[in-house]
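In my numbering, the protein residues as written are 602 to 1639.
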């Protein structure tokens, strides 16, 4: 039994099935988690190790390199990178796509444990973890004019409560130093009692223990006896015995030191709207609803604001839930407009009942897609909404084909019940083929790799979901509705759009007859159009994404490396002032500054240093302002460059959109730091002279002047002095030596030793005396040479070699990153000839774009192969699918029209739209070819068959094109927000389809006839060959 027969005979069951899809889809759609962007998997494993008091070079050689050697041979690891900075190492292993990251993290951890004992004594245990993609949900800033201890304690309470909220994954604090216990040693008294750092450290650690207890059995019960020795307070520390006096009395720590409870050194500061603050970046768990989570955060902060002192203020900024509401509201408006346009078109060209039947395909397809989204864990976000709206017109295409064909049989006098079966059967396989070709075009896009591939893959995923339910509705549900609801012939008025459509059809048929008579000239004209299109396509500038307006920017502030945190804070305050003076109050929403934190590099979001800062500027929503934020940012940047003093570099950077890297990001690999620095300097100089290029920055910079202590181990051995003991003494002379950890209330606190409270000079370090095992004290200068030098703040390595990265921003109004990188590549080919052994490669946006284009090329080839196989199976022909697919090259022409109308460069979404177009444009071509084949068997000539088929297929072809175009129309000319970034995809689809429709209506019939001409000639020559020479002569005579 054909599925159409089943549908019309079981209308109650079919309607029940449709109702179930709608009901379940509604329930699932309301429970879909709301997000701004889809979650992506980073596929990285990091190993972090703390090595206090060590320079970047020491960390590199003693920690990072040994860990790299252990990681490099782990199966599944693609690239090993490391960042070594003062006292800290981070080694990152990038994993191949599809590998089990959890398994690799476990294997790496096992290998690191094998060398843990070989790492320097002062290193903490390396921490291995699987890296997760995190998108901060909202920032919560606490500010107020009050004593620091009250502000800190209030902030800590709020932080702990935020972390306990449902759906919160992580809370990162900026400007809230950890508590610490400072032990300030009295050097003369230390000398008096013959003490050094080692003795004090050993005494504290011996006391700071909780010893596990033992089980004892009593008369009536068993009990556990536990020995507690953990330091709980300042008083506990002061009472620790550290030595014995000559009289044999205990010398306590209070006799040689003073102890205070304070905070760790302040290395990060935060400011909100020009005021000092403590800021928490709140991250949500994966696939948790963003709106519900932010509502819980707001409730908590409002409650705490009422409980806290009056002077305390809590500010929520960079609220991504607001973005979600705004973007989804925009998408819903676009969807509603597209839906209305589609329904209007259906009503104009079909009678009202037929239009209603066809329009039912939209809710069934979308709610069915919601069911599959829920089952596959796909969230409702900007991209999935875009994908659904993009399908508005497409999901009714198959419905239009079926209902229009059924109506054609009804108009001939056939009963609706029988017409529903016959009409559906006739177009069933072509309809299946049209949907399968669409799916074939979208499916390869799911296979794209990399961060951008994962990010954009949700669009083809939801499109395929909707198409599957669209096909189900057209073949299973619609025949029943046609049989039950369509009126018999003569009982309904002709649709209002029929009369003009018939006039247009008459003009088309006359034009078609002219084209068929001049088919070779027509093919030549279309070929010329294609050649011109290709010529223009290769000359249109290419960028990854294009922004017309923004809602936030990031200002990167870099002071000279020797700058203090106080100096950088002053520069940041001047930048904030420049922003406030340049941007109107009704446009500027918030400024949030992170002093000591560089958030501008996506590959290293938390790069730190006293000389760097990031100022985040948040604008009001597009709907609340008329001003263009890009233009305002340029004004603010000019003012900042003129008014800010002391800053080495100030860069205003756009940060919205998908997670891409820097427009210019080139990595130079080699061995010598000084040579890498020289090459990086020359690249920065080159980029600074290129038009449209700004913010050229190198990540290899020298830090503050450093006093390097070179211990002569031979001399130290003579005195019995240990190298590490000398290092600890020097650390205690400086910013303090951490010797233990304890808890102060609910917080973990480090116990730090430091000589006195003042600053130490190189001279005081040389003269400082350290104890020897024989009870003598000798100056450090006796066994060590102290020299002043400069070392890099950070040393980066990639693929086991030192690497420096130079990045820059590009103004797309002047040039493109593709053009800049191409010129830079040629420049580096010549430059590195002078530096044997040094190499370069591009990363960031260039690498991602190249990878994306490579994936798209593969997807296109796979899509073409799948489409050909589907068409060949339906038509049972080798050459006719090629005629149908002849329309595909002309997609380029429609895409070019779209790009020119939008007035922007060619973007990645536009190219992806062109790939998706491959499956859509063959649909109408297939339907026309299918009808021509059917009529050619019954008609006296192929020309008559073509004209007859074109006459009956003209309305559904035009109607499916118009409905698809109208469904996309609301998205085509969006210029703001994420919709503006993705709009070129909709424009490519819409205009590509419109132009391809002209190709289908004229070129495909001409090619069909040319193929028939070739067949006739081949048959003629084959016949002549079979006749032989005599036969050919007699044929010529006759």
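The beta-carbon is built from N, C-alpha and C at its ideal position, and this holds for glycine as well.
*Grouping DSSP H, G and I as helix and E and B as strand, with all else coil, what is residue 626?*
Counting from one through the chain shown, the residue named residue 626 turns up at place 25. The answer is helix: DSSP assigns residue 626 an H, G or I state.
Notebook entry, point to check: How many angstroms separate the CA atom of residue 1235 from the CA atom of residue 1253?
Noted result: If you number the chain shown from 1, residue 1235 lands on position 634. If you number the chain shown from 1, residue 1253 lands on position 652. The alpha-carbon atoms of residue 1235 and residue 1253 are separated by roughly 8 Å.
- In the region 1313-1369, which residue ranges form an unbroken alpha helix (DSSP H) of at least 4 residues, counting only runs that do not cross its ends? 1314-1320, 1324-1334, 1363-1368
Between the CA atoms of residue 1280 and residue 925 - distance to the nearest angstrom: Here residue 925 refers to the residue found at position 324 when the chain shown is read from its first residue. Here residue 1280 refers to the residue found at position 679 when the chain shown is read from its first residue. Computed Cα separation, rounded: 44 Å.
Handout entry: Nearest-angstrom Cα separation, counted from residue 1065 out to residue 1468
Key = As a working note, residue 1468 is residue 867 in the chain shown. As a working note, residue 1065 is residue 464 in the chain shown. One C-alpha to the other measures close to 15 Å.
*asked:* Which residues does DSSP list as the beta-bridge partners of residue 649?
replied: Counted from its first residue, the chain shown places residue 649 at position 48. Note: residue 649 sits in a beta bridge opposite 691, 728.
Cutting at 7 Å between CB atoms, please list the residues of its own chain near residue 888, excluding the five before and the five after it. For the purposes of this step, residue 888 is taken as residue 287 along the chain shown, with counting starting at 1. 634, 640, 978, 980.
Is it right to say residue 613 is buried, meaning 16 or more other beta carbons lie within 10 angstroms of its own, or is it exposed?
-> On the chain shown, residue 613 is found 12 positions in, with the first residue counted as 1. Exposed is the call here.
**Coarse secondary structure for residue 1035, derived from DSSP in three states** = Within the chain shown, residue 1035 is the residue found at index 434, counting from 1. Helix, per DSSP.
Practice task
Just confirm the distance between the C-beta atoms of residue 648 and residue 705, as a whole number of angstroms; I'd bet it's less than 8 Å.
Solution key: Within the chain shown, the letter at position 47 stands for residue 648. Within the chain shown, the letter at position 104 stands for residue 705. Not confirmed; about 12 Å, so no contact.
For residue 1445 versus residue 1313, is the C-beta distance shorter than 8 Å? For the purposes of this step, residue 1445 is identified with residue 844 of the chain shown, where counting begins at 1. For the purposes of this step, residue 1313 is identified with residue 712 of the chain shown, where counting begins at 1. Not a contact, by the Cβ cut-off of 8 Å.
Inter-stretch contact (C-beta, 8 Å, three-pair minimum) for the region 729-748 and the region 706-721: yes
| request: With a threshold of 16 other CB atoms inside 10 Å of the CB of residue 1212, please say whether the residue is buried or exposed. | output: For the purposes of this step, residue 1212 is taken as the residue at position 611 of the chain shown. It counts as buried.
Notebook entry, point to check: Can you tell which of 939, 1048, 856, 851 has its C-alpha closest to the C-alpha of residue 1461?
Noted result: The residue you call residue 1461 lines up with position 860 of the chain shown. Out of 939, 1048, 856, 851, 1048 has the C-alpha closest to the C-alpha of residue 1461.
Exercise. In angstroms with no decimal places, state the Cα-to-Cα distance between residue 985 and residue 1073.
Key: Along the chain shown, read from residue 1 onward, the residue named residue 985 stands at position 384. Along the chain shown, read from residue 1 onward, the residue named residue 1073 stands at position 472. Distance between the alpha carbons of residue 985 and residue 1073 is about 21 Å.
Check: How about residue 1167: is its C-beta nearer than 8 Å to some C-beta of chain B?
Finding: No chain B appears in this structure, which consists of one protein chain only.
Quick check: what's the CA-CA separation for residue 1324 versus residue 1509? Residue numbering aside, residue 1324 sits at position 723 when the chain shown is read from its first letter. Residue numbering aside, residue 1509 sits at position 908 when the chain shown is read from its first letter. Roughly 58 Å separates the two Cα atoms.
Exercise. So, helix, strand or coil for residue 1287, using DSSP?
Worked result: Taking the chain shown and counting its residues from 1, the one referred to as residue 1287 is at position 686. Note: residue 1287 maps to helix in three-state DSSP.
For the 8 Å Cβ check, are there 3 or more pairs between the region 1295-1303 and the region 691-699? no
| query | Taking the alpha-carbon positions, what's the residue 919 to residue 1261 distance? | reply | Against the chain shown, residue 919 aligns to sequence position 318. Against the chain shown, residue 1261 aligns to sequence position 660. Cα to Cα, residue 919 sits roughly 19 Å from residue 1261.
Q | Where the alpha helix (DSSP H) through residue 1243 begins and ends | A | In the chain shown, the residue the question calls residue 1243 occupies position 642. Residue 1243 -> alpha helix (DSSP H) spans 1230-1244.
Next on the checklist: Within a Cβ cutoff of 8 Å, which residues of the same chain sit near residue 806, ignoring the five residues on either side of it in sequence?
Outcome noted: What you label residue 806 is simply residue 205 of the chain shown in a count that begins at 1. Cβ neighbours of residue 806 beyond the five flanking positions: 1340, 1341.
Go through its chain and collect everything with a Cβ distance to residue 611's Cβ below 7 Å, but skip five positions before and after it.
By 1-based counting over the chain shown, the position of residue 611 is 10. Counting only Cβ-Cβ distances below 7 Å, and skipping sequence neighbours, we find nothing.
| task | Report the residue from 1409, 1576, 1124, 1217 whose alpha carbon sits nearest the alpha carbon of residue 1601. | result | As a first step, residue 1601 is located in the chain shown; it is residue number 1000 there, counting from the start. Selected option, being the one with the closest Cα: 1124.
- Neighbourhood of residue 876 by C-beta distance below 7 Å, restricted to the same chain and skipping five residues each side: Numbered from 1 along the chain shown, position 275 holds the residue referred to as residue 876. Hits under 7 Å: 744.
Where residue 1639 falls: helix, strand or coil (DSSP):
Taking the first residue of the chain shown as 1, we reach residue 1639 at position 1038. Note that residue 1639 has pLDDT 44, beneath the 50 cutoff, so the model's placement of it is unreliable and the number below is only indicative. Looking at residue 1639 - three-state DSSP - the assignment turns out to be coil, as it is neither helix nor strand.
* Kindly indicate which residue of 1327, 758, 1345 has the alpha-carbon position closest to the one of residue 1338. => Within the chain shown, the letter at position 737 stands for residue 1338. Answer by Cα proximity: 1327.
For residue 1610, which residues of its own chain have a beta-carbon under 8 Å away from its beta-carbon, when the five flanking residues on both sides are left out?
Here residue 1610 refers to the residue found at position 1009 of the chain shown. Excluding residues within five positions, the ones whose Cβ falls inside 8 Å are 1117, 1120, 1543, 1544, 1547.
Classify residue 575 as buried or exposed, calling it buried when 16 or more other Cβ atoms lie within 10 Å of its own Cβ.
With the chain covering only 602 through 1639, there is no way to say anything about residue 575.
Inset, instruction - Less than 8 Å between the CB atoms is what I'm expecting for residue 1436 and residue 1276, so what's the real figure, rounded? - result: The sequence position of residue 1436 within the chain shown is 835, counting from 1. The sequence position of residue 1276 within the chain shown is 675, counting from 1. That belief holds up - the Cβ atoms of residue 1436 and residue 1276 are roughly 6 Å apart, short of 8 Å.
Fill in: Bridge partner(s) assigned by DSSP for residue 1266
To locate residue 1266, count along the chain shown from 1; it is residue 665. Answer is 1408, bridged to residue 1266.
message = Just to confirm my understanding: we take residue 607, look at its own chain, exclude 5 residues before and 5 after, and list those with CB closer than 6 Å. What are they?
response = Along the chain shown, one-based indexing puts residue 607 at 6. Nothing listed; no residue qualifies.
inquiry  = Taking the alpha carbon of residue 852 as the reference point, which residue from 1581, 1415, 871, 791 has its own alpha carbon closest?
reply    = For the purposes of this step, residue 852 is taken as residue 251 along the chain shown, with counting starting at 1. Closest by alpha carbon: 791.
message: According to DSSP, residue 842 sits in a beta bridge with which residue or residues?
response: Locating residue 842 in the chain shown gives position 241, counting from the first residue. For residue 842, which the question treats as bridged, DSSP gives the partners 853.
Comparing the CB of residue 791 with every heavy atom of the ligand ZN, is any distance shorter than 7 Å?
Absence of the ligand ZN is noted for the structure shown, with no ligands found whatsoever.
Next on the checklist: For residue 844, tell me which candidate among 874, 769, 795 has the shortest Cα-Cα distance.
Outcome noted: Counted from its first residue, the chain shown places residue 844 at position 243. Nearest option by C-alpha distance: 795.
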